[in-house]
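S.K.: Residue numbers (our numbering): 447 to 628. Ideal Cβ placement from N, Cα and C applies to all residues, glycine included. These numbers were taken from a predicted model, which means no experiment stands behind them. Can you read through this structure? Questions will come right after.
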């Protein structure tokens, strides 16, 4: 995996050149867009599942099914328009903000339509999915920013971690050599 990220391919041939900053940002953005798309899919499922549970209490199954199909059709239509209007369908760099806005809208709709329901497990799980995607996005983008800077002062935590890693590698080499001698 490290070789894949360290070398650039041109026409199916590995050139040996490191990826450019722009290419690393694009890969990170597309990965994060896929993460937010997955979070949106889960949030959409939780939203419709809770609505379906409520509808089955008050309506017949065929009426509930029509409502479910209507909500899913509206969700698909609005999602496609958000992707189109944000430019995400033309440029992959614009997918990340589009999917973040879709996931945020779904989370808000879920909490607006289910304020009095005692579904603590599903509510906390939907928030955990949203918060996990947010945290992963923040850490990934901060790491990309840190890796692309050339004149940053040394970060003590990274210096300590690098030193510890060198000690671990040295210790592992010594153990390997000692194991061969036995």
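1. For a test of the three-state rule: what should DSSP assign to residue 506, helix, strand or coil?
2. Just how far apart, CA to CA, sit residue 594 and residue 478?
3. Are at least three pairs of beta-carbons, each pair with one atom in the region 572-583 and one in the region 520-533, less than 8 Å apart?
4. With a 10 Å radius around its C-beta and 16 neighbouring C-beta atoms as the bar for buried, classify residue 553 as buried or exposed.
5. Does the Cβ-Cβ distance between residue 486 and residue 527 come in under 8 Å?
6. On the premise that residue 542 lies in contact with residue 533, defined as a C-beta separation below 8 Å, what is that separation, rounded to the nearest angstrom?
7. Under the assumption that residue 575 contacts residue 489 (Cβ atoms under 8 Å), give the Cβ distance between them as a whole number of angstroms.
8. From residue 609 to residue 475, what does the alpha carbon distance come to, in whole angstroms?
9. Could you give the distance in angstroms between the alpha-carbon of residue 511 and the alpha-carbon of residue 492?
M.R.: With the given structure in hand:
1. Within the chain shown, the letter at position 60 stands for residue 506. Residue state, collapsed to three classes: coil.
2. In the chain shown, counting from the first residue as 1, residue 594 sits at position 148. In the chain shown, counting from the first residue as 1, residue 478 sits at position 32. So the alpha carbons of these two residues sit roughly 18 Å apart.
3. Contact between the region 572-583 and the region 520-533 is absent, because fewer than three Cβ pairs lie under 8 Å.
4. Counting from 1 along the chain shown, the entry for residue 553 is found at position 107. Buried is the call here.
5. By one-based count along the chain shown, residue 486 stands at place 40. By one-based count along the chain shown, residue 527 stands at place 81. Not closer than 8 Å, so no.
6. For the purposes of this step, residue 533 is taken as the residue at position 87 of the chain shown. For the purposes of this step, residue 542 is taken as the residue at position 96 of the chain shown. The Cβ separation is near 11 Å, so there is no contact.
7. Residue 575 sits at position 129 when you count from the first residue of the chain shown. Residue 489 sits at position 43 when you count from the first residue of the chain shown. The pair is a contact, with the Cβ atoms about 7 Å apart (cut-off 8 Å).
8. Residue 609 sits at position 163 when you count from the first residue of the chain shown. Residue 475 sits at position 29 when you count from the first residue of the chain shown. Cα to Cα, residue 609 sits roughly 31 Å from residue 475.
9. As a first step, residue 511 must be located in the chain shown, where it is residue number 65. As a first step, residue 492 must be located in the chain shown, where it is residue number 46. So the two alpha carbons sit approximately 16 Å from each other.
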